[in-house]
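Trainee:
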Amino acid sequence: MVGAAILAIGIALAGFLAGNGLARARASDRFVTVKGISEREVRADLVIWPLRVVAADDDLGRAHTQIQGSVRKILVFLAGQQIDTSQAELQDFSVSDAQVNQYGGGTQAGSRYVIRQTVVVRSPNPDRVLSASQRVGELVNAGVVLSSGGEYGSGGPTFIFTKLNELKPPMIAEATARAREAAEQFARDSRSALGGIRRANQGVFEILPRDQAPGIAEGSQIVKTVRVVSTVEHFLRD
Numbered sequence: 001m002v003g004a005a006i007l008a009i010g011i012a013l014a015g016f017l018a019g020n021g022l023a024r025a026r027a028s029d030r031f032v033t034v035k036g037i038s039e040r041e042v043r044a045d046l047v048i049w050p051l052r053v054v055a056a057d058d059d060l061g062r063a064h065t066q067i068q069g070s071v072r073k074i075l076v077f078l079a080g081q082q083i084d085t086s087q088a089e090l091q092d093f094s095v096s097d098a099q100v101n102q103y104g105g106g107t108q109a110g111s112r113y114v115i116r117q118t119v120v121v122r123s124p125n126p127d128r129v130l131s132a133s134q135r136v137g138e139l140v141n142a143g144v145v146l147s148s149g150g151e152y153g154s155g156g157p158t159f160i161f162t163k164l165n166e167l168k169p170p171m172i173a174e175a176t177a178r179a180r181e182a183a184e185q186f187a188r189d190s191r192s193a194l195g196g197i198r199r200a201n202q203g204v205f206e207i208l209p210r211d212q213a214p215g216i217a218e219g220s221q222i223v224k225t226v227r228v229v230s231t232v233e234h235f236l237r238d
């Protein structure tokens, strides 16, 4: 009888301890997930501007002379806009011959030879290039035939922000602090105490167009918005 009583007490005590431990485990699993956002408005510090020129003629020599003349006019135009011509590079020279084009068969209308070349401006002065791009009609008036498409898409300037790494530490700190503020508010509202961090994800940095409208690409805007959203899980205590 005594042995049975001792066994019963032991089982009851074990059950109590196990139940109490489960309660503690569940309490430690209470947490809240919050997000903190940090944003900065920045200006591009680099620009890539491709100017794709085309010349067409039935005589290859004349077409080549035309393309050389167009390139010279572009360089003169850039210099007139106070853009260092050493920042301009010739790329993507190509010649097509309608008579040897397997799809043309030599019967298509138009000039036999078409020469294309791209003048690519890479400049650390986006404002100056933006101003020049708004006056590109002067090149057309000078007889330069410009073309879109190819590797550089529409051919307009692409504005780039290269100093993201400098912004990362303060922006992560700000996003994390805002996440904690949200967690503290939740804890107050739920009459809980805020514990330590259970899990944290600093988030992915995004560079977005400042004016977020349909069809507006980030690279087309000189002013951009850098954003990061951090996700943090905080333990809650009674």
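With the numbering used here as the guide, the letters of the sequence shown map in order to residues 1 to 238.
Ideal placement from N, C-alpha and C gives every residue a C-beta, glycine not left out.
Computed from a prediction, not measured in an experiment: that's the story for all the values here.
(1) From the DSSP output, in three-state form, read off K73 for me.
(2) Does G143 come out as helix, strand or coil in the three-state DSSP assignment?
(3) Specify whether the region 175-186 and the region 206-214 touch according to this definition: at least 3 beta carbon pairs, one from each stretch, less than 8 Å apart.
(4) Going along the chain, which residues of its own chain have a beta-carbon closer than 7 Å to the beta-carbon of L139, five neighbours each way excluded?
(5) Going by beta carbon distance, what residues of the same chain come within less than 6 Å of E233, once the five residues before and after it are set aside?
(6) May I ask you to list the residues that DSSP assigns as paired with K35?
(7) Relative to the C-alpha of R112, which residue among D84, L60 and I67 is closest?
(8) Just to confirm, are W49 and P157 a CB contact at a threshold of 8 Å?
(9) Of all the alpha helix (DSSP H) runs that stay within the bounds of the region 122-206, which reach a length of 4 or more residues?
(10) Return helix, strand or coil for A63, following the three-state DSSP convention.
(11) Are there 16 or more other CB atoms within 10 angstroms of the CB of G196, so buried, or fewer, so exposed?
(12) Among the candidates G110, E166 and S133, whose CA atom is the shortest distance from the CA of Q99?
(13) Can you check DSSP and say which residues form a bridge with R57?
(14) Here's a check: name, in chain order, each residue in its chain whose Cβ is nearer than 8 Å to the Cβ of R237, leaving out the five neighbours to either side.
Mentor: Working from what's here:
(1) helix
(2) coil
(3) no
(4) K73, I74, F77 and L146
(5) F31, T33, R198 and R199
(6) T231
(7) L60
(8) yes
(9) 126-133, 137-141 and 164-189
(10) helix
(11) exposed
(12) G110
(13) It should be noted that the sequence gives Asp, not Arg, for residue 57. Bridge partners of D57: Y113.
(14) A27, R30, S192, A193, L194 and G195
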